[in-house]
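The sequence shown begins at 190 in the numbering used here and counts up by one.
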Amino acid sequence: MVDRAPPALVIIVSVFVVAGLATLLDTPLVTAQTPELVVRYVNGSLPLDPRADFWEGLDKMEATLGSQSIVYPLTPQSTATLRITAAYNLSHIAFYVEWEDPSMDVEVPGGTDVFADAVAIQLPVSEGSLPYICMGTVSDPVYIVYWKAPETVEALVAGSGYGLSPEEREALGLSKTPKSPIEKLPESEQDWVASAIYEGGMWRLVMVRETGSTHPLETGIRPGGELSIVLARWEGSQYERGGLKKISGWLGLKVEEPPVAPEAVTETVTETVTVEEVVERVPYSVVFVAGLALIVAAATIYVMLRRRPSSA
Ligand SMILES: [Ca+2]
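Here is the structure:
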């Protein structure tokens with residue numbers, strides 16, 4: 190019996206392979222990233238609604254994506270522009286992506302000649318050197334979040350599958366043997382929530398996930414750290430699917446440090462004395478000083494009398 194790969198995986202099996210080759214041919218690989226977008230820290234909730242004013246208020250990075258030139262039929266060389274921003278709070282991170290699109294193309298159950306608009310964001314699994322842009326490598330895999338209109342969103346991993354033993358793969362929640370260079374992470378890691386709208390010839394998409402990493406092949410988000418991403422986009426009306434798509438180079442993001450919590454104020458307890466108390470205390474002070482003076486004077490007179498020589 191031969192297991193069939195999920196349709197979504199079939200569609201994107203060669204996406205980043207082809208994309209990587211295309212990038213190699215068309216665009217020089219970037220080996221170091223200068224952060225171009227700050228992932229803002231938010232002390233509050235992150236709106237899932239792409240129409241929320243919140244997203245209007247954030248700076249966006251404009252990314253230019255180029256056509257791949259490997260998979261036939263080749264499409265005319267062209268570019269696409271995506272605008273992206275991101276924000277995070279104590280528990281979640283959200284990516285917002287918007288782009289002009291002349292047609293709303295969505296997945297149709299059973300449709301064979303209808304292709305959906307889609308977007309993917311690829312991140313290194315671990316910090317450090319950038320993985321190979323084409324789906325990473327066994328030693329340096331990549332994590333991918335893939336959205337397809339209208340509401341499919343999946344967490345995928347690529348690059349590591351063929352470097353693991355069947356036992357290691359099972360321990361990670363993967364099938365014993367890899368069926369595709371790009372694999373869907375286990376259900377426990379399918380924690381992305383997405384919301385997209387198509388209005389006025391434009392897609393606006395928000396994808397949200399917890400910041401922490403709960404799986405060795407899942408990218409964690411570290412406050413103050415840096416992120417590198419690759420954007421991919423499929424235009425359904427242009428029959429783009431699988432390797433037929435547009436892709437960016439590596440793009441740099443800086444995760445803003447959360448503001449330092451104010452230091453706890455150490456309360457200094459000081460004795461306060463009221464005017465009334467001062468007035469009440471004065472008599473006791475006067476009595477004490479006067480008494481002391483009398484004692485000293487008496488002692489002095491006594492000593493002087495004792496020392497006076499007696500008259501003959
Ligand atoms: Ca479209």
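A virtual CB, placed ideally from N, CA and C, is assigned to each residue, including glycine.
Length of the line joining the Cα atoms of residue i and residue j
i	j	result
residue 232	residue 280	10 Å
residue 380	residue 344	8 Å
residue 415	residue 227	9 Å
residue 291	residue 336	18 Å
residue 248	residue 440	15 Å
residue 352	residue 375	18 Å
residue 305	residue 294	5 Å
residue 230	residue 242	16 Å
residue 275	residue 284	4 Å
residue 288	residue 423	11 Å
Identified DSSP bridge partners for residue i
i	result
residue 281	399
residue 384	395
residue 289	391
residue 255	268, 436
residue 313	331
residue 326	BP columns for residue 326 are empty, so no partner.
residue 275	284
Residue nearest to residue i in terms of C-alpha spacing, selected from the options
i	options	result
residue 333	378, 339, 296	378
residue 313	307, 324, 331, 301	331
residue 255	245, 266, 370	266
residue 236	392, 389, 384	384
residue 411	311, 389, 315	315
residue 234	272, 346, 278, 271	278
residue 369	324, 361, 388, 405	324
residue 409	282, 271, 272	282
residue 271	484, 442, 436	436
Beta-carbon spacing of residue i, residue j below 8 Å
i	j	result
residue 348	residue 326	yes
residue 413	residue 444	yes
residue 296	residue 339	yes
residue 252	residue 420	yes
Short CB-CB distance (under 8 Å) between residue i and chain B
i	result
residue 339	Here chain B cannot be found, since the structure has a single protein chain.
Three-pair Cβ contact test at 8 Å for the stretch 387-402 versus the stretch 431-438: The stretch 387-402, when compared against the stretch 431-438, does not touch it at the 8 Å Cβ threshold.
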